[in-house]
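Some notes on the structure that comes next.
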Amino acid sequence: MSTQVMEKFDPGEGSVGLVETQFTTLFEPPHSLVLASGRELGPIQVAYETYGTLAPNRDNAIFICHALTGDAHAAGWHSSENRKPGWWDNFIGPGKGLDTNEYFVICANILGGCQGTTGPSSLNPQTGEPYGSDFPVITIGDIVQVHAALVQSLGIEKLLGVVGGSLGGMQALEWAARFPEQIQSCLILASAANLSAQGIAFNTVGRRAILADPQFQNGRYNDEEAPQYGLALARMLAHITYLSEASIEMKFGRRLQDSDTFAYDLMRETEFQIESYLHYQGRQFVERFDANSYLYLTKAMDYF
Numbered sequence: 005m006s007t008q009v010m011e012k013f014d015p016g017e018g019s020v021g022l023v024e025t026q027f028t029t030l031f032e033p034p035h036s037l038v039l040a041s042g043r044e045l046g047p048i049q050v051a052y053e054t055y056g057t058l059a060p061n062r063d064n065a066i067f068i069c070h071a072l073t074g075d076a077h078a079a080g081w082h083s084s085e086n087r088k089p090g091w092w093d094n095f096i097g098p099g100k101g102l103d104t105n106e107y108f109v110i111c112a113n114i115l116g117g118c119q120g121t122t123g124p125s126s127l128n129p130q131t132g133e134p135y136g137s138d139f140p141v142i143t144i145g146d147i148v149q150v151h152a153a154l155v156q157s158l159g160i161e162k163l164l165g166v167v168g169g170s171l172g173g174m175q176a177l178e179w180a181a182r183f184p185e186q187i188q189s190c191l192i193l194a195s196a197a198n199l200s201a202q203g204i205a206f207n208t209v210g211r212r213a214i215l216a217d218p219q220f221q222n223g224r225y226n227d228e229e230a231p232q233y234g235l236a237l238a239r240m241l242a243h244i245t246y247l248s249e250a251s252i253e254m255k256f257g258r259r260l261q262d263s264d265t266f267a268y269d270l271m272r273e274t275e276f277q278i279e280s281y282l283h284y285q286g287r288q289f290v291e292r293f294d295a296n297s298y299l300y301l302t303k304a305m306d307y308f
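If you're matching positions, the sequence shown starts at 5 in my numbering and goes up one per residue.
Pasting the structure below:
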């Protein structure tokens with residue numbers, strides 16, 4: 005079992021090559037998923053990718069849990085024209101850390117996301133319109149239940165390991181707590197057993213930036229009029245937390261972006277290099293992520 009190869013393409017030694025995202029539907033009513041909140045959700049579409057070959061006795065599977073704004077595309081390429089590899093391509097592949105000559109690696113987009121798995125931007129089957137703010141509040145436990153059902157649907161009874169960083173690390177911990185008999189090991193990176201008060205505080209301010217954007221419209225915006233300003237601001241704030249004070253000093257310091265002297269211009273957007281970096285991250289983010297998903301997923305982190 006492996007993700008289907010789409011066309012002839014030689015990306016070089018150590019790559020899983022061309023892959024495509026697969027989709028499956030789980031929790032079809034009346035067997036909907038009962039969420040931690042007590043609400044039910046179903047059906048749930050799950051987007052996932054696999055790399056390597058599942059062993060005959062199905063004992064070599066490793067599940068990758070992506071971080072807050074990640075997706076199922078962890079390794080390889082989607083086409084020979086699009087040479088942007090998966091977000092963990094350096095770590096997944098023949099001879100790499102997660103050696104696909106030995107392991108069958110699975111990565112799936114999370115519940116509440118916006119990259120193929122059911123989330124706020126998905127169509128509500130009861131209304132035919134995007135869920136928007138009608139999407140139920142979810143938890144890390146709800147996310148893991150969906151992925152556990154995916155693994156079961158692939159005929160895998162026990163995972164060799166679960167790997168994740170940040171929000172993905174929270175998922176890995178939840179796997180260990182909720183399904184201890186179904187996993188053999190966990191690898192947790194840059195995560196914790198719960199989100200700190202400071203983490204909740206940063207998430208709160210980020211969500212407030214989105215909610216205060218006039219384009220948010222109570223979560224019922226469309227793609228053409230999305231709350232991009234608020235989402236970009238939330239991303240800028242988050243990126244400050246992704247770097248330590250020492251790394252920010254080393255990478256940017258107080259260096260100016262395009263000049264050797266101060267501009268003395270309050271309206272100038274990017275005078276310092278650190279300002280340029282943050283604005284760039286905000287602009288890039290709004291092109292690929294949904295504001296409602298950001299609200300729901302950061303809230304799920306708060307509840308962990």
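Backbone N, C-alpha and C define an ideal beta-carbon position, used for all residues, glycine too.
If you measure between the beta carbons of residue i and residue j, is that distance less than 7 Å?
i, j, result
"residue 50", "residue 28", "yes"
"residue 195", "residue 71", "no"
"residue 31", "residue 46", "yes"
"residue 115", "residue 146", "yes"
"residue 326", "residue 294", "An answer regarding residue 326 cannot be provided, because it is not within the stretch 5 to 308 covered by the chain."
"residue 55", "residue 25", "no"
"residue 228", "residue 219", "no"
"residue 97", "residue 19", "yes"
"residue 68", "residue 111", "yes"
"residue 232", "residue 290", "yes"
"residue 274", "residue 285", "no"
"residue 52", "residue 76", "yes"
"residue 141", "residue 48", "no"
My assumption, with CB atoms under 8 Å, is that residue i sits in contact with residue j. Please give the rounded CB distance.
i, j, result
"residue 236", "residue 287", "6 Å"
"residue 137", "residue 224", "7 Å"
"residue 62", "residue 185", "So it is not a contact: roughly 15 Å between Cβ atoms."
"residue 154", "residue 64", "Not a contact, Cβ separation roughly 17 Å."
"residue 304", "residue 122", "At roughly 14 Å, the Cβ-Cβ gap does not stay under 8 Å, so residue 304 and residue 122 are not in contact."
"residue 190", "residue 176", "5 Å"
Considering only residues of the same chain and omitting the five flanking positions on each side of residue i, which have a CB-CB separation below 7 Å?
i, result
"residue 252", "278"
"residue 173", "192, 193, 194, 195"
"residue 118", "125, 293, 294, 297"
"residue 159", "62"
Mind checking which residues open and close the alpha helix (DSSP H) that includes residue i?
i, result
"residue 169", "From DSSP, residue 169 is part of no alpha helix (DSSP H) but of the beta strand (DSSP E) over 165 to 169."
"residue 239", "232 to 246"
"residue 203", "201 to 215"
Might you give, ordered along the chain, the residues of its own chain that have their beta carbon closer than 6 Å to the beta carbon of residue i, omitting 5 neighbours on each side?
i, result
"residue 256", "277, 278"
"residue 179", "148, 166, 187"
"residue 83", "none"
Just to confirm the assignment, what range does the beta strand (DSSP E) spanning residue i have?
i, result
"residue 193", "190 to 193"
Quick one: what's got a C-beta closer than 8 Å to residue i's C-beta in the same chain, skipping five residues either side?
i, result
"residue 215", "234, 299"
"residue 259", "276, 277"
* To do: Taking only runs that begin and end inside the segment 13 to 70, name each unbroken beta strand (DSSP E) of 3 or more residues, in chain order.
  => 26 to 30, 48 to 55, 65 to 69
* Of all the beta strand (DSSP E) runs that stay within the bounds of the segment 103 to 162, which reach a length of 3 or more residues? -> 108 to 112
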